[in-house]
Amino acid sequence: MAKVVKPSVLIKGTKDGLLFFLDDSLPFSIVLNELKHKLLHENASHIWNGPDMRVQIKLGKRQITRSEEQDLREVFSARKNLHIHTLESDGIPYLLDSPRKMEMLTGTVRSGQVLSHQGDLLLLGDVNPGGCVQSTGNIFILGALRGLAHAGSDGDESVIIAASIFRPTQLRIHNIISRPPDEWKESENHMRFAYIVKEQIAVDKMNHLSHIRPEMEWKEIGRKFG
Amino acid sequence: MGESIVVTSGKGGVGKSTTSANIGTALALIGKKVCLIDTDIGLRNLDVLMGLENRIVYDIVDVIEETCRVDQALIRDKRCEELYLLPAAQTKDKSAITSNQLRRLIADLRDQFDYILIDCPAGIESGFQHAIAGADKAVVVTTPEHTAVRDADRVIGLLEKERIATPKLVINRFRKQLVKDGGILDVEEVVSILSVDLLGVIPDDEHVIRSGNAGEPVVWNSASLAGKAYRNVARRIMGEMVPLLVQEKEQNMLVKMKKWLGFA
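These protein sequence lines map, in sequence, to chains A and B.
Quick note: the first sequence uses the working numbering, first residue 1, plus one each step.
Quick note: the second sequence uses the working numbering, first residue 1001, plus one each step.
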């Protein structure tokens, strides 16, 4: 007996444009395939060709990752007259916060150069005076930070900036700007990091980080004493 | 096939022209055929440092506009048979030439010369862009001051963007005494900030100023420490391994002290 298959993609026309309902009970890949079929099938092309159209996509209870969103947008990009206007899940943000991924880059950021990055950044190299590193997440530098570092550039206040050699000309976390003391003691051999405390940027030794961010501290698994 | 090397710095007054003139002369003294090109159109200096100002008939703009042939514009040095200067125009400005024209000119000169040294104007505007266009390699000149190092860093970034083989560094006007006071940067500090290979350290030497005004590069002066340092730079450009010049006076002092104390 053939099962009656409920279409995984439902399209409705409203006066504001097209509403796409994507079934949240099926795997996203199947939904995407069906969508591709509906949008790209050659027999269907005459339906889609027409004036510019606003598209609202409803994901139901599903949340998607950035790469899934990209795939979705790619499918729609085949139809030039369809413009994705909104993308939403029921009552929750549509984007699934993927676990923070750190990217590793290498090279010197010289005067006048700007390294802009999304997410956490591990830079193996120096940032020279006049150079700038900007990231939406944490910034870790295995090398000398002598220029400007701006972490959490889109509003994250919990991020830190750390560098093996910590001599920044200026530090920025979120929208807070700090100019470190002009004189750095040469004897300071500890690796240091900057973070926000009471709306100000503070700089501390790396081994104090576990007190400041206890949730980040690694914990030994095994026998407990006492 | 000759090699073209641009001498640049970003900041003005750190000794680009002096370095060009001296490296060029030193290479010619070793027996290489060298052509110096002054690309600082409108503010030419290299001819004065070489003492050739009064021999200029045609200049680089005349060559590019085809008012004359290249060999008519090239001025032979007073003393070196194999050293030539292509002077900049003084009455025009930087817009008189384009990167492509200069690139073609350098390509023509490659057959005749072992080394083509291009003296770059200060700044990073069009004059700089033209000067680096035809270069295979780059020598970045800086002094051990923060301002000069900042600008050198910027220039190195731009050179790397233009895919010019890793620039080499010349630290000019170095004064050991000031480093000890903490007044200027030390060689190691400069090299670690710029993270490029060091080609040489030129000590601050009043002979440089004297000889520049006399129109005779300081490498001719065998008594000058700076002259010796420039000769070493030239040898390093040719691929020789030459140890860094120790600031001799100081070493002597140290040796004397040690002797006096009975260590050596």
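Beta carbons: idealized from backbone N, C-alpha and C, even for Gly.
As the structure is a computational prediction, the values presented were derived from the model and not from experiment.
If I'm right that LEU19/A touches SER8/A with Cβ under 8 Å, what's the distance once you round it to whole angstroms?
Not quite, the Cβ-Cβ distance comes to about 15 Å (not below 8 Å), so this is no contact.
Three Cβ pairs or more, each shorter than 8 Å: is that satisfied between the segment 1224-1232 of chain B and the segment 1018-1032 of chain B?
yes
Inter-residue spacing [alpha-carbon to alpha-carbon] between THR1067/B and THR1091/B
15 Å
From which residue to which residue does the beta strand (DSSP E) around LYS205/A run?
200-205
Check each candidate in PHE28/A, ASN189/A and ASP120/A and name the one with the smallest Cα separation from GLY152/A.
ASP120/A
CB-CB under 6 Å to ARG1173/B, same chain, minus the five flanking residues each way: which ones, in chain order?
THR1143 and ASP1204
List the residues that DSSP assigns as beta-bridge partners of LEU142/A.
LEU124/A
Same chain only: Cβ atoms within 7 Å of GLU217/A, ignoring 5 sequence neighbours per side:
SER210
At the level of alpha carbons, what is the spacing between ILE1097/B and ILE1132/B?
13 Å
Span separating the alpha-carbon of PHE140/A from that of GLU1003/B
41 Å
Once DSSP output is grouped into helix, strand and coil, what is the label at ARG1231/B?
helix
Backbone secondary structure at VAL1190/B - three-state DSSP:
helix
Grab me the residues of SER1095/B's own chain with a C-beta within less than 8 Å of its C-beta, minus the 5 sequence neighbours each way, in chain order.
SER1126
Under a CB-based cut-off of 8 Å, is ASN189/A close to chain B?
no
I'd like to confirm something about MET1050/B: is its beta-carbon nearer than 7 Å to some heavy atom of the ligand FAD, or not?
The ligand FAD is absent from the structure shown, which contains no ligand whatsoever.
Between LYS1176/B and LYS1168/B, what straight-line distance do the alpha-carbon atoms span, to the nearest angstrom?
21 Å
Could you give the first and the last residue of the continuous beta strand (DSSP E) run that contains GLY1200/B?
1197-1203
Terminal residues of the continuous alpha helix (DSSP H) containing ILE47/A?
45-48
Let's test the definition: count the other Cβ atoms within 10 Å of the Cβ of VAL197/A and tell me whether it reaches 16, buried, or not, exposed.
exposed
In chain order, what residues of the segment 104-125 of chain A put their CB closer than 7 Å to some CB of chain B?
THR108, ARG110, SER111, GLY112 and GLN113
ALA1138/B, enclosing beta strand (DSSP E) - first and last residue
1137-1142
Chain B partners of PRO129/A, CB-CB under 9 Å?
HIS1146, VAL1149, ARG1150, ASP1153 and ILE1193
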